[in-house]
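Residue numbers (my numbering), protein chains in the order written: chain A, 193 to 682; chain B, 15 to 455. For each residue, glycine too, the CB sits at the ideal point set by N, CA and C. Because the structure is a prediction, the values reported are computed rather than measured. Step one of this worksheet: look at the structure below.
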């Protein structure tokens, strides 16, 4: 406790010094983030512990506005001279920015907040022994090993604790402790002509949430290891996915990624204003479409909600000190809103939606998804299948690609189930589906209800220069789309 | 204030000395990076960062533990050895890859420029300004970034490895947007003084002006001329899914050594000591990086190795390791495709009806074993008719096997361009005339 108090005082001193130095150097506005991030990673591969990795990342980032232009500097030292240096560097950089300035930066107003936030957990994962964590992975590996024909078995767990403090020259003073727990397994089977991987609970290595050890136990990795391994082997000889226009039903994980790519990114207001045009791209959802554009069917309501429990985008305040909030992006199919920052909101004459997030102390906050959710409907997976004459039920992402305006997409999934006359008839492999965002979402005729709705985590969302990998959440449930182009990879 | 060679080696050596038992490896990496970003003809983001990272791998009693610390807190890096030992004790018995010994490689050949190391925010703003003014003169808008990076890396291990390198990189990318179309250009150099912002701006403005009012085109299989910005994506993906020895060992690679899978004009190698592709002397195990021929005249020739994959195959590491241990396997970061004899105009002239593609976007593996990728064209796709660029066409999605595409190479340019892969690895690529490329929507 004494150690924590000392750290808290250090952080307060660092923040105050950074803001004072920035002001003395000429900043009209300054904010400061002091971040300490601890990560535990455990990986088991083919029955052996590949490694246990413990990492810690700490430093301070100072952001300023001078002469109407932005500057930022991050440094990994918290001594006075280093903090002064970062603040002065940020001011010098801002003055350089002002050499090429069209319009001075304006910030939408926010009431400076003081407070603390901590991710609610039943059991802090850092209080759980590494032995107990390793036991989960080794039992899961043993379950997968019971299935013959696998080439690679892999499992991993990751736990994150991030303490971040924010202070601004406007008077904000915030401290947050974000705790994440995640895990996942991959089973890979190979033949001369095929490589098939099944993942659980999600692809990209793991599923992750803001929460404690209870989230890992709820995944029941050991209880699913054998089934996932069997599915990987079965895929080697499964029929090739059928081709044509047909009904597509997505499982919750694939629905989450569909939301991420085709709704989350195009509703980021910085993309709309061109801030990302040279890298991540722009958006087809231009401001003139707000309030009238039919993005999807009446079944489709999408929100950005940083208050939703367990989401990787759940927090108390964003990295500009704006409170966590719920923003309706699409309401019963109609495009209604953006995720925004103080700067971009001011362009539209609104207030920030609280979506500014940085992935680490040396990177500036940019507009990032919080938890972008497809709100639950009133159907169920079994009802959707029963109501499908010809189609496929697709599970777990395998490949993903979308254009720079977020219109033309193609996704592949690990598993496919061919549906005929309301029944799953056989497993199919190498499924791809493609379309254009509004036409696709307008063809959505059913979303499963709250019982099948779950918060999923994406831990590899890339954006910004230098690149940042953000952890974002997506609440989703199985959902059905009519008349979609489906084909096998070939 | 950046550390000297001896100071950074001392940081790594001190971390290694804290190991209580067994053997270990310490990597100390200090990075200073600055990036000026512009959009709508104005600088809208401008950042700098400086950090020291220490990674310690401990091996004892057939257990391996890793700890990593970035940032120095109140002024010292403490506890990294204790954390690595804690990880090691809990890791369980396995068969950890052994530490390599010293190979007496030369650390002198490295991409370094004092000009880049000393680049100022004012210099970066001026280079951005060169692009913006070119856009303003043409009545269009400039977007992009100007980045300078200096990285110092020291690697020491218990087997006697002791390496240090200081490297720099300067990168300018720009997208120029008009009312109804855009152009792209990028320049990468060791020295910021070699970044020709005016030339990049002229190239992107020219593409933008020619790329206005693109017409829709029916998807299908077309002959293509791919610019190096696009070819880099093909080579980059081959590196991950094919040239990586772990992919071979796990039966995920398309490569079949000794078999001709591509056209005779295709020769692809990794050239860590080529001054044209950011030379760097060693990998993340401190092993000297060697030239590796992956494809020679269309024939599968070899793989990139790190220590664990090399041991498994009974060969020597080629010096392509990422930080150990890892699940990705070795990786080539200096890929070169051999030049041909044609000019770019000659390649275009050889196409009766096809497409010229400036760059690709959001390229992802669809079926790694068959090297099938998908992605979109972006910022400059043109119809070629009767050997000439006819008019711009709207961006298209492609889904195509890379190996199949490289099995029908009809021409390779003599000029090449340095581009970066998605993870910023260097690729020196020519323009390619390919006989077929499948556009799907």
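Original post:
Can you tell me whether DSSP reads residue 194(A) as helix, strand or coil?
Top reply: Any answer about residue 194(A) is weak, because its pLDDT of 47 lies below 50 and its placement is not dependable; what the coordinates show is given next. It is helical.
**OP:** Could you tell me which uninterrupted beta strand (DSSP E) segments, each at least 3 residues in length, are contained entirely in the region 516-556 of chain A, listed from first to last along the chain?
**Re:** 518-523
**OP:** Check each residue of the region 36-54 of chain B: if its Cβ is closer than 7 Å to any Cβ of chain A, include it; give the result in chain order.
**Re:** 47, 49, 51, 52, 53, 54
Original post:
Is residue 522(A) near residue 569(A), with beta carbons less than 8 Å apart?
Top reply: no
**OP:** Look at the alpha carbon of residue 89(B) and the alpha carbon of residue 273(A), and state the distance between them as a whole number of angstroms.
**Re:** Unreliable placement is indicated for residue 89(B), whose pLDDT of 49 sits below 50; the coordinate value is still reported in the next sentence. Roughly 11 Å separates the two Cα atoms.
Original post:
Among the residues of its own chain, which have a CB less than 8 Å from the CB of residue 661(A), if the five just before and after it don't count?
Top reply: 551, 651, 652, 653, 654
Original post:
So, does the CB of residue 193(A) fall closer than 8 Å to a CB anywhere in chain B?
Top reply: Bear in mind that the predicted position of residue 193(A) carries a pLDDT of just 40, short of 50, making it unreliable; the figure below should be weighed with that in mind. Closer than 8 Å: no.
Original post:
Going along the chain, which unbroken runs of the beta strand (DSSP E) with 3 or more residues stay wholly within the region 141-224 of chain B?
Top reply: 155-171, 176-192, 195-203
Original post:
Would the beta-carbon of residue 336(A) fall within 8 Å of that of residue 420(A)?
Top reply: yes
**OP:** Would you be able to state if there are at least three C-beta pairs under 8 Å between the region 329-336 of chain B and the region 286-305 of chain B?
**Re:** yes
Subject >> Contacts that residue 188(B) makes with chain A (C-beta to C-beta distance below 7 Å) >> reply: 470
**OP:** Work out the CA separation of residue 204(A) and residue 407(A) for me, nearest whole Å.
**Re:** 33 Å
Original post:
Which stretch, first to last residue, makes up the beta strand (DSSP E) that contains residue 428(A)?
Top reply: Residue 428(A) -> not in any beta strand (DSSP E); alpha helix (DSSP H) instead, spanning 413-428.
Subject >> Nearest-angstrom Cβ-Cβ length linking residue 188(B) and residue 199(B), presumed shorter than 8 Å >> reply: 6 Å
**OP:** Say whether chain B places a C-beta atom closer than 8 Å to the C-beta of residue 435(A).
**Re:** no
Original post:
What do you get for residue 402(B), buried or exposed, if any count of 16 or more other CB atoms within 10 angstroms of its CB means buried?
Top reply: exposed
**OP:** Under the assumption that residue 380(A) contacts residue 322(A) (Cβ atoms under 8 Å), give the Cβ distance between them as a whole number of angstroms.
**Re:** In fact, because the Cβ distance is near 26 Å, the residues do not count as touching under 8 Å.
Subject >> Closer than 8 Å to chain B by CB, residue 156(A) >> reply: Residue 156(A) cannot be examined here, being either before or after the span of chain A that is shown, 193 to 682.
**OP:** Step through the CB atoms of chain B and report whether any lies within less than 8 Å of the CB of residue 292(A).
**Re:** yes
**OP:** Report the residue ranges of all alpha helix (DSSP H) runs contained in full by the region 579-633 of chain A; include only those spanning at least 4 residues, in chain order.
**Re:** none
Subject >> 6 Å Cβ shell around residue 310(B) - same chain, five flanking residues per side excluded >> reply: 281
**OP:** Measure the alpha-carbon distance for residue 156(B) versus residue 618(A) and round it to whole angstroms.
**Re:** 52 Å
Original post:
Between the beta-carbon of residue 202(B) and the beta-carbon of residue 220(B), is there less than 8 Å?
Top reply: no
Original post:
With burial defined as no fewer than 16 other Cβ atoms inside 10 Å of the residue's Cβ, what is the status of residue 609(A): buried or exposed?
Top reply: buried
**OP:** Determine which residues of the region 383-394 of chain B have a Cβ less than 7 Å from any Cβ of chain A, and write them out in chain order.
**Re:** 383, 386, 388, 389, 390, 392
Subject >> Among 120(B), 191(B), 444(B), the one whose alpha carbon lies nearest that of residue 216(B) >> reply: 191(B)
Original post:
Going along the chain, which residues of the region 123-148 of chain B sit with their C-beta nearer than 8 Å to a C-beta in chain A?
Top reply: 134, 135, 136, 138, 139, 140, 142, 143, 146
Original post:
DSSP puts residue 422(B) in a beta bridge; with which residues?
Top reply: Per DSSP, none; premise fails for residue 422(B).
**OP:** May I ask you to list the residues that DSSP assigns as paired with residue 302(B)?
**Re:** 296(B)
**OP:** Pull up the DSSP beta-bridge partners for residue 5(B), would you.
**Re:** Nothing about residue 5(B) can be read from this structure; chain B reaches only from 15 to 455.
**OP:** Assign residue 457(A) to one of three DSSP states: helix, strand, or coil.
**Re:** helix
Original post:
What is the DSSP secondary structure of residue 311(A), counted as helix, strand or coil?
Top reply: coil
Original post:
Three or more beta-carbon pairs under 8 Å between the region 544-558 of chain A and the region 491-511 of chain A, yes or no?
Top reply: yes
**OP:** Could you tell me whether the Cβ of residue 411(B) comes closer than 8 Å to any Cβ of chain A?
**Re:** yes
Subject >> Contact set between residue 326(A) and chain B, taken where Cβ atoms lie within less than 7 Å >> reply: 104, 106
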